[in-house]
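**Q** The following block contains the structure, expressed as structure tokens.
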């Protein structure tokens, strides 16, 4: 089971899209939609992107606006580290390890034909920093093979085990394929199974040394932006 990488426990830059609803009196009410996100990131600043709706002139229209608002809230986007991440994947809880508290996730952002992710470096061999044996087959693996562990949501309960994904550098210059062999656990961590590491973020592609080499990336960077898709 792949553990989280080190050093990526940072406060995200969060932008909240909120919407005004106008009643028959023409007065606006800002809906407080940031409470849940604020509670999961207590030390972060929230920046509001305000988009008012047209003035409503009847009670029926006001109710219609409320429905539209609910739909709008489902498509809120949080801008985190320069990537657009669906707000539909909210933290499932928190975990404190060595005095550091981090959000846990049982979901990941929706996949597309080029899903934004963060590539990290994992050691899939026995005794390596990846922790226990790979989740898919219960084995350790030679890092000379192109392999990845996916965040819990993308791992999808093992449904992507053994499947091939294509990983592309953020600059689009190089891409490679790799086999899914493990989960980068976004729910659990800080134990022997996870090599004492914090839970993974929900947007991680944890690649072997061979993946980094195929992409011609400097492994000392630790984390780099990529996109991925099913090959």
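Numbering (the working numbering), first residue to last: 1014 to 1244. Just so it is clear, CB atoms sit at the ideal spot from N, CA and C, and this is done for glycine as well. Since the model is a prediction, treat every value here as computed from it, not as a measurement.
According to DSSP, simplified to helix, strand and coil, what is residue 1106?
**A** In the chain shown, residue 1106 corresponds to position 93, counting from 1. Strand at residue 1106.
**Q** Can at least three beta-carbon pairs, one atom from the segment 1167-1178 and one from the segment 1136-1152, be found at a separation below 8 Å?
**A** Judged by Cβ distances under 8 Å, the segment 1167-1178 makes contact with the segment 1136-1152, as three or more pairs qualify.
**Q** Within this structure, are the beta carbons of residue 1167 and residue 1125 separated by less than 8 Å?
**A** Your numbering for residue 1167 matches position 154 in the chain shown. Your numbering for residue 1125 matches position 112 in the chain shown. Not in contact: residue 1167 and residue 1125 (Cβ atoms no closer than 8 Å).
**Q** CB residue 1163 to CB residue 1193, shorter than 8 Å?
**A** Here residue 1163 refers to the residue found at position 150 of the chain shown. Here residue 1193 refers to the residue found at position 180 of the chain shown. Cβ atoms of residue 1163 and residue 1193: closer than 8 Å.
**Q** With which residues is residue 1115 paired in a DSSP beta bridge?
**A** As a position in the chain shown, residue 1115 is number 102, starting the count at 1. BP columns for residue 1115 point to 1108.
**Q** Report the rounded CA-to-CA distance for residue 1179 versus residue 1113, giving the unit in angstroms.
**A** The count along the chain shown starts at 1 and reaches residue 1179 at position 166. The count along the chain shown starts at 1 and reaches residue 1113 at position 100. If you take the alpha carbons of residue 1179 and residue 1113, they lie about 33 Å apart.
**Q** Would residue 1135 be called buried (16 or more neighbouring beta carbons within 10 Å of its own) or exposed?
**A** The residue you call residue 1135 lines up with position 122 of the chain shown. Residue 1135 should be labelled buried.
**Q** Can you confirm whether residue 1197, when its beta carbon is compared against all beta carbons of chain C, has any partner nearer than 8 Å?
**A** Annotation note: the requested chain C is absent from the structure, which comprises a single protein chain.
**Q** Taking DSSP as the reference, what is the three-state secondary structure of residue 1195?
**A** Mapped onto the chain shown, residue 1195 falls at position 182. Residue state, collapsed to three classes: strand.
**Q** Only counting the same chain, and skipping five residues up and downstream in sequence, which positions put a Cβ closer than 8 Å to that of residue 1165?
**A** The residue you call residue 1165 lines up with position 152 of the chain shown. Counting only Cβ-Cβ distances below 8 Å, and skipping sequence neighbours, we find 1118, 1119, 1120, 1121, 1196, 1197, 1198, 1199, 1200, 1213, 1215.
**Q** With DSSP run on the structure shown, which of helix, strand or coil describes residue 1124?
**A** Working through the chain shown from its first residue, we reach residue 1124 at position 111. It is coil, neither helix nor strand.
**Q** Per the DSSP calculation, residue 1153 is bridged to which residue(s)?
**A** What you label residue 1153 is simply residue 140 of the chain shown in a count that begins at 1. None, per the DSSP bridge assignment.
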